[in-house]
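One structure is given here, and the rest of the page talks about it.
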Amino acid sequence: MNSKFLKKIFLAATAICFFSIFADPLDFSSPEVMSQTEYLFGDYSIKNSEIYAEMPDSFNYGLNAVFSNLENIKKTPARFFRKNDRHNFIEYSEVFKKNELNFYFSVIGGVDYIVGKSDSYYNIYRGVRLAGDLNKNLIFTANWQAGHLKGDLDYAEKTSPLIKGFFKNEPDKTEINIDNAVGQITFLSNYGNFAVGRGTHQITNSITSSIVTNLDVPNYGYFSWKYETSRFDISLMNASLIPDSLSREISGTGQKIYDNKYMVIHKIGYSFTEEFYTFFGEEIFYGNRSLDPSYLLPHTFLRIIEHNQMDRDNCIIFMGANWKRKEKIAYITVLFDEMKKSEILSNWWGNKYAIQTGYGFSPFALSGEKSRLVLEFTAVRPWTYTHKYMINKISHNKFPMGFAYGSNLICFAGEFNLPIGKNVDFDINASFTRQGSLGNNFLINYKNAPETADWLEGDIINTKRLKAVINWKFNNHNSFKTGYRIEKNDEDKDINEFSIGWFGKF
54 MNSKFLKKIF LAATAICFFS IFADPLDFSS PEVMSQTEYL FGDYSIKNSE
104 IYAEMPDSFN YGLNAVFSNL ENIKKTPARF FRKNDRHNFI EYSEVFKKNE
154 LNFYFSVIGG VDYIVGKSDS YYNIYRGVRL AGDLNKNLIF TANWQAGHLK
204 GDLDYAEKTS PLIKGFFKNE PDKTEINIDN AVGQITFLSN YGNFAVGRGT
254 HQITNSITSS IVTNLDVPNY GYFSWKYETS RFDISLMNAS LIPDSLSREI
304 SGTGQKIYDN KYMVIHKIGY SFTEEFYTFF GEEIFYGNRS LDPSYLLPHT
354 FLRIIEHNQM DRDNCIIFMG ANWKRKEKIA YITVLFDEMK KSEILSNWWG
404 NKYAIQTGYG FSPFALSGEK SRLVLEFTAV RPWTYTHKYM INKISHNKFP
454 MGFAYGSNLI CFAGEFNLPI GKNVDFDINA SFTRQGSLGN NFLINYKNAP
504 ETADWLEGDI INTKRLKAVI NWKFNNHNSF KTGYRIEKND EDKDINEFSI
554 GWFGKF
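Residue numbering for the sequence shown follows the numbering used here, starting at 54 and increasing by one per position.
Listed below in structure tokens is the structure:
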């Protein structure tokens, strides 16, 4: 695929752009197209809306817990395996001073077992999950879990998607300890929904990785606001990130000093009809200073503000559109990292942009449940997501915050989702990525960039990826999963592994 053809695709996409609809007030963004192929329970990015949805349909007044009385203790084992049971470890409801408080607390745990060609490891984890509300407009959610990886730890450390950011390798090297916590407090009001939380977000539709924000990164803290009418929405999020390297380490103490790093996202969207939605947004990455109030204005043009901040930060513009009718959906997102109008048709290295587009439909139904097939194309120019100031790279704790596979690439992908009855799902995702070696990684400083950069310039690396997953939700307390993952490229990467897991909650 030559560079002229890719430019034509990009220009055509830009002409129609100027999808992600907030489907739930608890989620900063709720794309309608996301991959369903998380093949390990311990790697699942649970949404706040999903945690809150596990609230009981009704509460008995006061404390109702497994240990409340002898009868509850006796009934708990049977409830754990009962099909439609929705009991939790603790449920509480109280009305005081005209305020109503409801919440639940669950104990969670499980195991994932992963077998490679010649290596294997397993993760045993446990944790807690809770959600509740005060007068239905102050809502809180949380999920914490700690895991212990055992088996072939070198293989696990090199390939496991469970290890994101911080982990602890025991001195005797018999296990790797990981833990993770997400949560949010949301205030619903007539002036918008205000939230403070910890987690990750996918802003736009994608079955691989959004070109705007990668979901598969370590969790980060954030505060956000969003407001919606029947047609219009506006939102702002400010997140605290971790730089990819230390600022300094105090000798003899082990104390590690990191510079401050932040990400700001604002988005404005409008639905012209029930079927057609468009949006425009910006991202700012900045650091080496405290929180900047200039970037807390969702209705302004952040790129202009960045220029007046002495042009020291990293600003990205994105825009897109979505069309949906019945089971069909088409989406497109265009991202501008940097560009000059005078150079738009040239191969100037600073033409840093990306395009992602896809189409989904339901080819057939099985037992009354509709399937879905999504086809997607992504193209990212060389040097996209890089910056001359390393603190401003589009990254978080050594993970890419932009497109997960990097830049200077084209990627073809497809995902098929098939519900098999009401409690079993089969999902498969496959992709082929063709990537050049020039300017293909966010870790590179673009001060070293040549004057020109062609699409796919440099040594070509072809990567094939496949994930297939079968999920079986036995009841509200027990779920089972089996998966298969392949990732191969022209170099030395060759992952071929099978997984099986169980997740329990009460």
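Using N, Cα and C, we set each Cβ at its ideal position, and we do this for glycine too. Predicted, not measured: the structure shown is a model, and the values here were computed from it.
For this session: Just the C-alpha distance for Y166 and F559, rounded to the nearest angstrom, thanks.
Result: 22 Å
Exercise. Thinking just about the alpha-carbon of each residue, which of V181, W278, Y175 and P78 is nearest to the one in F551?
Worked result: Y175
Problem set entry | Y315, enclosing beta strand (DSSP E) - first and last residue | K314 to S324
Problem set entry | The beta strand (DSSP E) enclosing N375, as first and last residue numbers | N367 to R378
Exercise. Along the chain, which unbroken stretches of the beta strand (DSSP E) at least 3 residues long are found entirely within the segment 145 to 180?
Worked result: 152 to 168
For this session: Find the nearest neighbour of L426 within the set F452, K381, S490 and K446, judged by alpha-carbon distance.
Result: K381
Exercise. Taking the Cβ atom as the reference point for each residue, do I463 and A483 lie within a distance shorter than 8 Å?
Worked result: no
Exercise. Would DSSP call E504 helix, strand or coil?
Worked result: coil
Exercise. Candidates V160, Y208 and F158: which alpha carbon is nearest S171's?
Worked result: Y208
Problem set entry | Beta carbon of G489 nearer than 8 Å to that of N461 | yes
Exercise. M454 and M316 look like a contact to me (Cβ under 8 Å); what is the Cβ gap, rounded to whole Å?
Worked result: 7 Å
Exercise. Per the contact definition of three or more C-beta pairs closer than 8 Å, is the segment 245 to 260 in contact with the segment 102 to 122?
Worked result: no
Exercise. Roughly how far, in whole angstroms, is the beta-carbon of S324 from the beta-carbon of R284, given that I think they are within contact range, below 8 Å?
Worked result: 5 Å
For this session: Inspect the beta-carbon positions of I287 and T386 and report whether they are closer than 8 Å.
Result: no
For this session: Grab me the residues of G162's own chain with a C-beta within less than 6 Å of its C-beta, minus the 5 sequence neighbours each way, in chain order.
Result: R179 and G557
Problem set entry | Where A131 falls, given that 16 or more other Cβ within 10 Å makes a residue buried | exposed
Exercise. Mapping DSSP to helix, strand and coil, what is E359?
Worked result: helix
Problem set entry | Boundaries of the beta strand (DSSP E) in which T431 is found, first to last residue | R425 to V433
Exercise. CB-CB under 7 Å to Q362, same chain, minus the five flanking residues each way: which ones, in chain order?
Worked result: S347
Exercise. For N476, which residues of its own chain have a beta-carbon under 8 Å away from its beta-carbon, when the five flanking residues on both sides are left out?
Worked result: W525, K526 and F527
Problem set entry | Of the residues A106, N125, V164 and G185, the one placed nearest Y145, counting alpha carbons only | G185
Problem set entry | Beta-carbon spacing of N445, D345 below 8 Å | no
Exercise. Short check: CB of L419 to CB of I370, under 8 Å?
Worked result: no
For this session: Kindly indicate which three-state DSSP category L350 falls into: helix, strand or coil?
Result: coil
Problem set entry | L428 beta carbon less than 8 Å from that of Y442 | no
For this session: With a floor of 3 residues, list each beta strand (DSSP E) that falls wholly inside the segment 85 to 124, ordered by position along the chain.
Result: 115 to 118
Exercise. Across which residues does DSSP place V387 in a beta bridge pair?
Worked result: M372 and I408
Exercise. Buried or exposed: where does D545 fall if 16 or more other Cβ atoms within 10 Å of its Cβ makes it buried?
Worked result: exposed
Exercise. With a CB to CB cut of under 6 Å and the five nearest residues on each side skipped, what residues in its chain are close to E289?
Worked result: Reading off the sequence shown, one finds Leu at residue 289, where the question assumed Glu. Within the same chain, L289 has close Cβ partners W278, H319 and P351.
Exercise. In terms of DSSP beta bridges, what is A292 paired with?
Worked result: Y275 and M316
Exercise. What does a CB cutoff of less than 6 Å around Y384 pick up in its chain, not counting 5 residues either side in sequence?
Worked result: F72, N258, N375 and G411
Problem set entry | Beta-carbon proximity check, T439 vs G492, cutoff 8 Å | yes
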